[in-house]
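Notes for the one structure printed next.
In the working numbering, the protein residues as written are 28 to 286.
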C-alpha cells in the first residue's frame, strides 16, 4: 500500500459513510421540495425522487400482500424476517456500533415494549426498511457503484505495492482489473424486462396462496409499466441537460448490485 498506515485510511473511509437517514430521509419523507432550489434541480434529486417512489410503491404493495403472514398486530413475528433484521443490526454494529441504534430508531424498527426476542421489531419499521433497501440495491447502488474507471490508475487501486514503489506491479494491477471485469457483468435492466415469471408457482409455497401469487404478479406488472414511463420522463429531461444523467434511468439500473 502507498499509505503509511492503511488501517487509518480504512477507518477514515468507514467514518465517512453516512447513515441511512442522511442518505434516504429526503426521499423517504418526501423532503426534496424543501431543498435549496439548485439541489432540487439536480439530476440526482429529480430522477432519484421519481425512482424512489416507483420502487417504494412496489415494496409497500409487496409488504401488504404478506403482512398478515409476517406480522401479529404491529409486531414483526415471522421467524426468518426477525432473524434477518437481527443479523442486519448485528452486522451494522460490527462496523458502526455508535450509529446502529440511531439507524434502527430512524427506521422505527424497535418495538417499544417487546415481550420476547421474537417480537422486538415492528411491522411498520420493517416496511420502511423494505422500501429503503429496495432503493439501495437498485438506483442508489447504480449511483454510487459505477467505479470501474478507477481501475485505470495503478497508483490508486492496485491490490498491493512493493515497498518504496509508487504504483502496483503489472500483475497485481491486471488481477484487480480482472476482478472488476468478472464481477461487474451486465444484468437485466429494470426498465427493459418482465419479472412476473419469478413469481410463477408462488402459490405452492407454504407462505403464500393463489391470491397472493396473483397480487404479486399484478404488482410486478405495475412496476414494469412505471419503469417504462419513468424511462420516458428521464429521457425527456436528459435532452435538456448538458450532460445526461443515467444513474437513475430504469434502462441502465440493473436488478442486481453487480454493476
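For glycine and all other residues, C-beta sits at the position ideal for the given N, C-alpha and C.
Cutting at 7 Å between CB atoms, please list the residues of its own chain near residue i, excluding the five before and the five after it.
i: residue 141; result: 147
i: residue 184; result: 177, 178 and 203
i: residue 159; result: 47, 51 and 55
i: residue 235; result: 229
i: residue 90; result: 154 and 157
i: residue 131; result: 116 and 137
i: residue 135; result: 149, 151, 152 and 155
i: residue 59; result: 53, 67, 72 and 76
i: residue 109; result: 103, 145 and 148
Which residue or residues does DSSP assign as beta-bridge partners of residue i?
i: residue 98; result: 103
i: residue 149; result: 102
i: residue 281; result: 216
i: residue 137; result: 148
Considering only residues of the same chain and omitting the five flanking positions on each side of residue i, which have a CB-CB separation below 6 Å?
i: residue 258; result: 218, 277 and 278
i: residue 70; result: 272
i: residue 250; result: 85
i: residue 75; result: 275
i: residue 195; result: 181, 185 and 188
Enumerate in chain order the residues of its own chain whose CB-to-CB distance from residue i is below 8 Å, with the five nearest sequence positions on each side excluded.
i: residue 127; result: 116, 119 and 120
i: residue 255; result: 218 and 277
i: residue 284; result: 164, 168 and 172
i: residue 213; result: 281
i: residue 205; result: none
Using CA atoms only, rank isn't needed, just tell me which of the options is closest to residue i.
i: residue 240; options: 227, 76 and 82; result: 227
i: residue 164; options: 274, 220 and 63; result: 274
i: residue 37; options: 206, 167, 123 and 150; result: 123
i: residue 287; options: 272, 114, 158 and 171; result: No information on residue 287 is available, as it lies outside the stretch 28 to 286 that the chain covers here.
i: residue 199; options: 65, 188, 193 and 208; result: 188
i: residue 133; options: 143, 145, 149 and 144; result: 149
i: residue 84; options: 155, 235, 33 and 35; result: 155
i: residue 161; options: 190, 79 and 70; result: 79
i: residue 245; options: 233, 261 and 222; result: 222
i: residue 262; options: 207, 32 and 73; result: 73
i: residue 125; options: 112, 42, 143 and 269; result: 42
i: residue 87; options: 267, 243 and 266; result: 243
i: residue 145; options: 194, 182, 215 and 97; result: 97
i: residue 32; options: 247, 190, 68 and 60; result: 190
i: residue 166; options: 77, 197, 102 and 143; result: 77
i: residue 143; options: 111, 114 and 106; result: 106
i: residue 233; options: 252, 220, 99 and 93; result: 93
i: residue 82; options: 101, 253, 215 and 64; result: 253
i: residue 129; options: 49, 111 and 192; result: 49
i: residue 247; options: 265, 224, 35 and 238; result: 224
Between residue i and the ligand GDP, is there a pair consisting of the residue's CB and a ligand heavy atom that are separated by less than 7 Å?
i: residue 225; result: Annotation note on the ligand GDP: not contained in the displayed structure, which lists no ligands.
Checking contacts by CB at 8 Å: is residue i closer than that to chain E?
i: residue 67; result: In the structure shown, chain E cannot be found, because there is only a single protein chain.
Quick one: complete alpha helix (DSSP H) runs, 4+ long, within the region 30-102?
33-43, 47-55, 64-67 and 70-97
Which runs of the alpha helix (DSSP H) at least 4 residues long sit entirely within the region 151-176? Give them in chain order.
168-172
Within the region 167-255, ranges of the alpha helix (DSSP H) (whole runs, at least 4 residues):
168-172 and 197-210
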